[in-house]
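Just so you know, the sequences run in chain order A and B. In terms of my numbering, the first sequence opens at residue 539 and continues consecutively. In terms of my numbering, the second sequence opens at residue 539 and continues consecutively. No residue lacks a Cβ here, since even glycine has one placed at the ideal position from N, Cα and C.
2 protein chains.
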Amino acid sequence: MTDIFNAFYAQSGGVTAVINASACGVIETARTCTDKIGTVFAGKNGILGALKEELIDTSLESAQTIAALRYTPGGAFGSCRYRLPDSEESNTLYQRIIAVFKAHNIRYFFYNGGGDSMDTAHKIGLMSERLDYPVTCIGIPKTIDNDLAATDSCPGFGSAAKYIATSVKEAALDVISMQETSTKIFVMEVMGRNAGWLAASAALAMNNKSDAPHILLFPEVDFSRELFLARVEETVENCGYCVIVAAEGIRYADGTFLSASRSTDAFGNVQLGGTAPILARMIKDALGYKYHWCVADYLQRSARHLASTIDVEQAYAVGKSAVEIAIAGQNRVMTSVIREPEETFKWKTGSVPLEMVANVVMKLPDNFIATDGFHITDTCRAYLAPLIQGEDIPPFKDGVPDYALFKGTMAEKKLADFKF
Amino acid sequence: MTDIFNAFYAQSGGVTAVINASACGVIETARTCTDKIGTVFAGKNGILGALKEELIDTSLESAQTIAALRYTPGGAFGSCRYRLPDSEESNTLYQRIIAVFKAHNIRYFFYNGGGDSMDTAHKIGLMSERLDYPVTCIGIPKTIDNDLAATDSCPGFGSAAKYIATSVKEAALDVISMQETSTKIFVMEVMGRNAGWLAASAALAMNNKSDAPHILLFPEVDFSRELFLARVEETVENCGYCVIVAAEGIRYADGTFLSASRSTDAFGNVQLGGTAPILARMIKDALGYKYHWCVADYLQRSARHLASTIDVEQAYAVGKSAVEIAIAGQNRVMTSVIREPEETFKWKTGSVPLEMVANVVMKLPDNFIATDGFHITDTCRAYLAPLIQGEDIPPFKDGVPDYALFKGTMAEKKLADFKF
């Protein structure tokens with residue numbers, strides 16, 4: 539019995555349509571390893587749950603409730619945007635986390651997040667050794683932005699990509715119908731502050747070269763008003779309409795975000811706001827075309843009803859693998875997805891040192907962006923296409939998806955309150 | 539042979555996820571009535587197709603192509619925003635339409651649109667009699683806004699409603715995860731310039747009274763900044779977060795649209811734009827909560843991947859019925875949906891005089907809006923719930939819906955060009 543330890547699982551940063559599938563993978567796998575892992579505690583609101591000693595006892599949940607995590611979007615236990623201090627040395631926050639782990643016999647820490655979180659997991663691991671209470675720290679990748687290093691893709695991205703490709707395909711059919719007398723321009727804004735993976739995925743809507751979306755705007759490419767407007771005009775002349783997908787993070791050559799810019803509308807009013815309305819207005823003012831725009835925002839990262847089967851499977855697998863490699867003795871690594879170098883798409887899980895992933899942002903590589911900067915290459919398409927395959931449709935009830943709000947029961951506190 | 543006449547079908551105004559299902563109903567039914575109806579011509583870009591004599595010959599399309607219309611969003615033949623003059627008397631445009639009908643032996647006119655279009659169909663019918671070339675004019679209801687009179691619901695609405703309810707349910711799970719340290723407010727803007735049906739449908743996301751969406755804003759209710767902000771604050775205090783769904787057409791008591799208002803942001807800059815960002819900023823300025831907002835725009839009316847089975851069936855049925863009642867001798871009527879007065883939801887098609895529908899906007903009745911103006915009543919919920927039932931999922935290929943762009947072949951022109 540003495541080498542059975544508890545585990546702590548936490549979700550970090552912006553959630554996705556499939557982060558709970560990773561949680562499901564962790565918990566279901568841990569339940570098959572009762573000779574090694576006792577209870578899996580989940581942090582209420584991510585790492586804050588460890589700091590506040592708010593630990594959800596997942597062992598009290600039925601197998602059915604845990605299975606439902608696989609198809610429920612959002613972060614079942616709560617996530618947070620909370621960055622621990624850069625240095626863990628003698629920092630009371632890191633010490634507190636270890637104290638809570640110790641109080642609850644926790645020796646496994648599974649942290650489901652992005653690059654920042656991998657850095658945190660690494661530091662908690664270091665601190666645990668310094669305090670002579672070694673905790674196995676395993677990262678589990680998650681981000682719709684697909685910008686983590688050392689993994690073929692990030693769970694969460696494939697489903698967001700599928701949502702974007704589907705939505706732009708549908709909206710384009712609408713615009714095609716209306717172009718003769720009304721809307722000629724449609725601008726869709728997608729997430730991606732620093733990397734253009736989501737904007738790139740819109741290209742998967744296309745069957746033919748002339749199909750929408752006609753123009754993709756990436757944070758990796760300096761935005762030029764002149765080149766952009768010329769391309770819009772050319773597209774409308776050739777196709778009758780133009781569909782544009784823009785990452786929220788596009789910026790001018792001087793580094794100014796478009797969304798932070800002051801554009802002046804036809805009435806001389808200064809306008810601040812999202813990237814999509816700014817682009818739409820820019821086109822209207824210069825070329826006179828009638829436009830519509832949309833900002834999908836959270837819809838794109840929570841649209842579990844349109845999840846990619848591959849994405850759900852990978853999300854589950856990186857959670858499952860995290861438990862397996864922890865038990866096998868790996869430490870301070872992140873589970874990853876490895877694409878097999880074969881003609882047909884095959885993948886497996888792997889692991890990489892947390893230090894390789896911490897605080898790195900993977901942008902679109904140059905050979906994924908078309909020479910003119912307005913589209914993707916065939917190489918990029920070949921990379922993206924497998925990630926949106928398959929429809930993993932959740933159960934529906936009364937016309938809407940039958941998602942369960944996870945209530946959870948908190949484990950009894952063993953320590954005094956901690957102020958921070 | 540002499541009493542076999544051709545038919546003209548046209549799509550009008552903003553398209554929907556299921557308007558092509560109505561087209562499918564018209565064409566498939568006409569193909570079973572070869573003793574009455576010859577060729578079904580579809581107007582290229584709606585009524586413009588009649589004016590320009592641009593008639594798509596649907597008889598050249600395979601049964602398979604026509605069947606695919608049932609699951610393809612947008613307007614397959616093109617729609618238009620083009621309003622014929624108010625008076626048809628001695629107007630050359632109406633005369634031209636009749637001349638084109640005559641040249642192509644067309645004696646049936648099926649017009650698939652909203653209130654304006656029913657008016658147009660009515661006037662074309664009158665003109666055809668005046669010119670002694672009587673054309674049977676049948677309207678087919680379509681609008682995501684659900685604001686047509688004399689029909690239980692409008693095909694297109696149910697699918698948009700299902701999209702909105704599903705999307706807000708998913709986005710709310712995201713906000714719930716993030717509320718502790720980040721986003722507390724989510725504002726979703728939906729269509730509805732004059733009627734709040736789509737905003738009302740967001741309530742179908744709820745399982746319990748405390749669930750999102752917490753606040754619905756309708757064009758039917760004067761917007762009060764004070765009452766709104768008080769309700770937002772109260773909701774955040776009680777629930778920890780607040781999800782708001784706002785119709786694009788909400789306005790102050792003096793009639794000014796919020797979207798046309800000038801709100802000043804924290805930096806003193808004047809801001810113009812959609813209703814959602816204006817509301818979000820208003821909350822931030824007054825209460826300080828972190829927010830996200832989305833504007834679904836065309837996505838909500840083209841999301842065929844999330845169509846309601848009932849909506850698709852009704853869309854098909856009102857198209858089918860239009861052909862059947864035309865052959866049976868009805869004229870200048872619109873097909874409609876009639877809800878049976880039974881406990882379990884049942885419906886059938888009916889017909890109503892075009893004059894009853896023309897240019898009427900059906901707003902949310904008073905007893906559908908909660909006393910405080912911020913939500914719907916149980917009566918409204920009972921009305922809405924059946925309309926989003928069932929998932930009519932289109933075929934997928936390579937991870938995205940396999941919609942076909944309808945190409946079509948134009949019938950040879952028989953008349954000289956017409957300038958207008």
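{"Asked": "For M900 of chain A versus L755 of chain A, is the C-beta spacing smaller than 8 Å?", "Found": "no"}
{"Asked": "Taking the C-alpha atoms as reference points, what is the distance between I636 of chain B and C571 of chain B?", "Found": "23 Å"}
{"Asked": "Are there 16 or more other CB atoms within 10 angstroms of the CB of F805 of chain B, so buried, or fewer, so exposed?", "Found": "Unreliable placement is indicated for F805 of chain B, whose pLDDT of 44 sits below 50; no coordinate value is reported for it."}
{"Asked": "Just the Cα atoms here: how many angstroms apart are P751 of chain B and V833 of chain A?", "Found": "19 Å"}
{"Asked": "Which of the residues in the segment 649 to 673 of chain A, read from start to end, lie with their CB under 9 Å from any CB of chain B?", "Found": "none"}
{"Asked": "Span of the beta strand (DSSP E) holding D712 of chain A?", "Found": "Element bounds for D712 of chain A: not the beta strand (DSSP E) but the alpha helix (DSSP H), 695 to 716."}
{"Asked": "How should A710 of chain B be labelled, buried or exposed, when 16 other C-beta atoms within 10 angstroms of its C-beta is the threshold for buried?", "Found": "buried"}
{"Asked": "According to DSSP, what are the bridge partners of K935 of chain A?", "Found": "A:V938"}
{"Asked": "For Y790 of chain B, count neighbouring Cβ atoms within 10 angstroms of its own Cβ and tell me buried if that reaches 16, exposed if not.", "Found": "exposed"}
{"Asked": "Cβ of L742 of chain A within 8 Å of Cβ of H843 of chain B?", "Found": "no"}
{"Asked": "For V856 of chain B and P679 of chain B, I'd like the C-alpha separation in whole angstroms.", "Found": "7 Å"}
{"Asked": "For F912 of chain B, collect the residues of the same chain with a Cβ closer than 7 Å to its Cβ; drop the 5 residues on either side in sequence, then sort them by chain order.", "Found": "I753, L754, R769"}
{"Asked": "Examine the Cβ distances between the segment 592 to 612 of chain B and the segment 875 to 890 of chain B and report whether three or more of them are shorter than 8 Å.", "Found": "no"}
{"Asked": "With 16 other CB atoms within 10 Å as the buried threshold, where does N558 of chain B fall?", "Found": "buried"}
{"Asked": "Pick helix, strand or coil for A637 of chain B, following the three-state DSSP scheme.", "Found": "helix"}
{"Asked": "CB D930 of chain A to CB V875 of chain A, shorter than 8 Å?", "Found": "no"}
{"Asked": "When you check each C-beta in the segment 831 to 862 of chain B against every C-beta of chain E, which residues fall closer than 7 Å?", "Found": "No chain E appears in this structure, whose protein chains are A and B."}
{"Asked": "Jot down the residue ranges of each uninterrupted beta strand (DSSP E) in the segment 804 to 878 of chain A, minimum 3 residues, whole runs only, in chain order.", "Found": "829 to 833, 871 to 877"}
{"Asked": "Please check the pair I914 of chain A and A908 of chain A, which I expect to be a contact at CB under 8 Å, by giving their CB distance rounded to whole angstroms.", "Found": "6 Å"}
{"Asked": "Given a threshold of 16 other Cβ atoms within 10 Å of its Cβ, counted over all protein chains shown, does L892 of chain A qualify as buried or as exposed?", "Found": "buried"}
{"Asked": "Does T719 of chain B have its Cβ less than 8 Å from a Cβ in chain A?", "Found": "yes"}
{"Asked": "Tell me, please, which residues DSSP counts as bridged to F795 of chain B.", "Found": "B:R789"}
{"Asked": "Tell me which residues share the same chain as E878 of chain B and place their Cβ nearer than 6 Å to its Cβ, disregarding the 5 neighbours each side in the sequence.", "Found": "K884"}
{"Asked": "For chain B, is any of its Cβ atoms less than 8 Å away from the one on I782 of chain A?", "Found": "no"}
{"Asked": "May I ask you to check if the CB of Y649 of chain B is nearer than 7 Å to at least one heavy atom of the ligand ZN?", "Found": "For the ligand ZN, the structure offers nothing, since it holds no ligand at all."}
{"Asked": "Among the residues of its own chain, which have a CB less than 8 Å from the CB of R621 of chain A, if the five just before and after it don't count?", "Found": "D654, T658"}
{"Asked": "I'd like to confirm the pairing. Which residues does DSSP put opposite E727 of chain A in its beta bridges?", "Found": "A:A784, A:V833"}
{"Asked": "How would you list, in chain order, the residues of chain A whose beta-carbon sits under 7 Å from the beta-carbon of G616 of chain B?", "Found": "S715, E718"}
{"Asked": "Do you know whose CA, among B:S715, B:D835, B:C918, B:A860, lies nearest G552 of chain B's CA?", "Found": "B:D835"}
{"Asked": "What residues match up with I907 of chain B in a beta bridge as DSSP calls it?", "Found": "B:I914"}
{"Asked": "For the segment 569 to 602 of chain A, which residues have a CB atom closer than 7 Å to at least one CB atom of chain B, in sequence order?", "Found": "N583, L586"}
{"Asked": "Have a look at B:D792, B:N583, B:L925 and flag the residue whose alpha-carbon is nearest the alpha-carbon of K945 of chain B.", "Found": "B:N583"}
{"Asked": "Short of 7 Å in beta carbon distance, which residues of its chain neighbour G730 of chain B, apart from the five on each side in sequence? Order them along the chain.", "Found": "D683, L736, A737, P757, A785, E786, G787"}
{"Asked": "Taking a Cβ distance cut-off of 9 Å, strictly less, list which residues of the segment 759 to 785 of chain B are near chain A, in chain order.", "Found": "none"}
{"Asked": "So, are the CB atoms of N544 of chain B and G576 of chain B less than 8 Å apart?", "Found": "yes"}
{"Asked": "Please list the partners that K722 of chain A has in chain B, where partner means a Cβ-to-Cβ separation under 9 Å.", "Found": "Within 9 Å Cβ-Cβ: nothing; K722 of chain A doesn't reach chain B, min ~12 Å."}
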